[in-house]
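The opening position of the sequence shown corresponds to residue 147 in the working numbering, with each subsequent residue numbered one higher. The beta carbon of each residue, even a glycine, is placed where N, CA and C say it ideally should be. Note that this is a predicted model, so its numbers are computed, not measured. Okay, structure first, notes after.
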Amino acid sequence: MPTVFITGANRGLGFGFVELFLRQGWDVIAVARDPAGATELQALAKSKAGKLSIEQCDLADFATIDALGARLKGKPIDVLLGNGAKTNNPAATVGDTNYDAWMEAFKINTMAQMKLAETFVENVAASAQKKMFFLSSRIGANPPAGMILFRSSKSALNQVVMQLSLLLKPRGIAVACAHPGFVKTKSTADMGVFTVDESAAHLKKIIDNLSLENTGQFFEPDGSTLPIVTRQTNPTAFGAKAPDAWNEQQKVWDKQGQQR
147 MPTVFITGAN RGLGFGFVEL FLRQGWDVIA VARDPAGATE LQALAKSKAG
197 KLSIEQCDLA DFATIDALGA RLKGKPIDVL LGNGAKTNNP AATVGDTNYD
247 AWMEAFKINT MAQMKLAETF VENVAASAQK KMFFLSSRIG ANPPAGMILF
297 RSSKSALNQV VMQLSLLLKP RGIAVACAHP GFVKTKSTAD MGVFTVDESA
347 AHLKKIIDNL SLENTGQFFE PDGSTLPIVT RQTNPTAFGA KAPDAWNEQQ
397 KVWDKQGQQR
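Okay, here's the thing in structure tokens:
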């Protein structure tokens with residue numbers, strides 16, 4: 147059976163993913179910062195012996211990612227699912243920026259996702275499905291104002307996903323990210339449009355359909371896509387001939403250089 151690796155698996159959407167993949171017969175590696183305190187996850191593991199394993203890893207502590215990589219060395223992972231995120235100082239605006247909190251948001255929401263990809267790339271490459279999937283947010287690409295820390299970290303994650311998709315495509319690995327929708331969890335005070343089960347089901351369909359043909363995409367819950375890059379930075383994605391598009395862009399850069 148295929149294997150999925152899920153971070154932030156002890157609660158919310160992460161736990162919803164665990165339950166869904168198990169129902170569909172997958173082997174699940176559930177990653178949590180504090181496995182001993184993950185009571186629901188531990189109870190589920192007892193009823194799913196041999197199908198669900200729980201691993202300790204703190205996305206803010208890269209040494210624990212390295213340690214987990216060593217423990218799982220040689221184990222194929224069909225889907226690497228980066229679910230963990232940090233939403234700190236959500237009201238931050240001009241004049242109210244906590245730079246330590248911003249660094250923490252970037253470390254978990256952006257850098258840790260890249261660290262996961264680097265650490266487990268060989269595991270994914272050794273699998274049958276070869277997929278990496280990360281949870282982003284559309285507020286990393288859209289207005290309104292506010293939530294500077296979280297928005298910028300998710301915008302950066304989107305670019306990380308694009309770069310990973312380009313760099314890993316020759317190895318047969320498909321990479322994408324998705325906006326999960328406004329999900330009813332404890333972190334949203336149970337406000338939202340989707341239940342955990344609904345959001346997990348929508349995203350699982352996207353994962354199932356992910357391939358080298360649609361790698362590098364930023365998906366909405368319904369499977370439609372949002373732009374990560376513009377026409378100028380990725381001309382072939384819009385049907386343009388790459389050499390012509392890049393030649394035109396080079397002319398613009400040359401003109402700008404002459405004007406300096």
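Determine the burial state of R169: buried for a count of at least 16 other Cβ atoms within 10 Å of its Cβ, exposed for fewer.
exposed
Please report the distance separating the alpha-carbon of D173 from that of P222.
Rounded to the nearest whole angstrom, the CA to CA distance from D173 to P222 is 11 angstroms.
Look up D180 in the DSSP assignment and say whether it is helix, strand or coil.
DSSP places D180 in coil when its eight states are reduced to three.
Identify, in the order they occur along the chain, each residue of the same chain with its Cβ nearer than 7 angstroms to the Cβ of M249, setting aside the five sequence neighbours on each side.
none
Below 8 angstroms, can you find three or more Cβ-Cβ pairs linking the region 353-368 to the region 307-327?
Because the criterion of three Cβ pairs below 8 angstroms is met, the region 353-368 and the region 307-327 touch.
Quick check: the Cα distance between K261 and K276, rounded to an integer number of angstroms?
17 angstroms
Euclidean distance between Cα positions of F408 and I352
Because residue 408 is not part of the residues shown, which for the chain are 147 to 406, the question remains open.
Do T153 and G230 count as a contact pair if the criterion is CB distance below 7 angstroms?
yes
Compare the beta carbon distance of S299 and N255 with 7 angstroms and say whether it is the shorter of the two.
yes
Between the C-alpha atoms of I175 and S199, what's the straight-line distance to the nearest angstrom?
5 angstroms
Do L281 and A251 come within 7 angstroms of each other at the CB atom, strictly closer than that value?
no
Buried or exposed, going by whether 16 or more other CB atoms sit within 10 Å of the CB of S193?
By the neighbour-count rule (16 or more Cβ atoms within 10 Å), S193 is not buried but exposed.
In terms of alpha-carbon separation, which member of R317, I319, A324, A247 lies closest to I374?
Answer by Cα proximity: A324.
Using the C-alpha atoms, what's the distance from A271 back to R259?
Before going further, note that residue 259 is Gln rather than Arg in the sequence given. Taking the CA atoms as reference points, Q259 sits about 17 angstroms from A271.
So, S273 versus D224, is the Cβ gap smaller than 7 angstroms?
Result yes, Cβ atoms of S273 and D224 sit closer than 7 angstroms.
Distance between K253 and T233 (C-alpha atoms, nearest Å):
12 angstroms
Own chain partners of V164 with C-beta closer than 8 angstroms, once the 5 adjacent residues on each side are dropped:
Excluding its 5 nearest sequence neighbours in each direction, V164 has C-beta neighbours in its own chain below 8 angstroms: I152, A155, V174, A176, L187, L190, L198, listed in chain order.
Please name the residue, chosen from A206, L303, V342, that lies closest to D246 on a Cα-to-Cα basis.
A206
Candidates Q202, G228, L227: closest to R217 by CA position:
Q202
Where does A346 land, buried or exposed, given buried means 16+ other C-beta within 10 angstroms?
Buried, by the Cβ-count rule.
To the nearest angstrom, report how far apart F266 and T239 are at their CA atoms.
36 angstroms
Given T210, which residues of its chain have a CB within under 6 angstroms of its CB, disregarding the five upstream and five downstream residues?
C203, D204
So G171 and M147 are in contact, right, with Cβ under 8 angstroms, and what is the actual spacing, rounded?
6 angstroms
Taking just the CA atoms, how far does R157 sit from A184?
Straight through space, the alpha carbons of R157 and A184 are spaced by roughly 8 angstroms.
With a CB to CB cut of under 7 angstroms and the five nearest residues on each side skipped, what residues in its chain are close to M278?
So the qualifying residues of the chain are L226, A263, V270, L310, I319, V321.
Spatial distance of T379 from S357 (CA atoms)
With a pLDDT of 48 at T379, under the threshold of 50, the modelled position of that residue is not reliable, and the figure given next carries that caveat. When rounded, the distance between both Cα atoms is 22 angstroms.
What three-state label does DSSP hand A155 in the structure shown?
A155 falls in the coil class under three-state DSSP.
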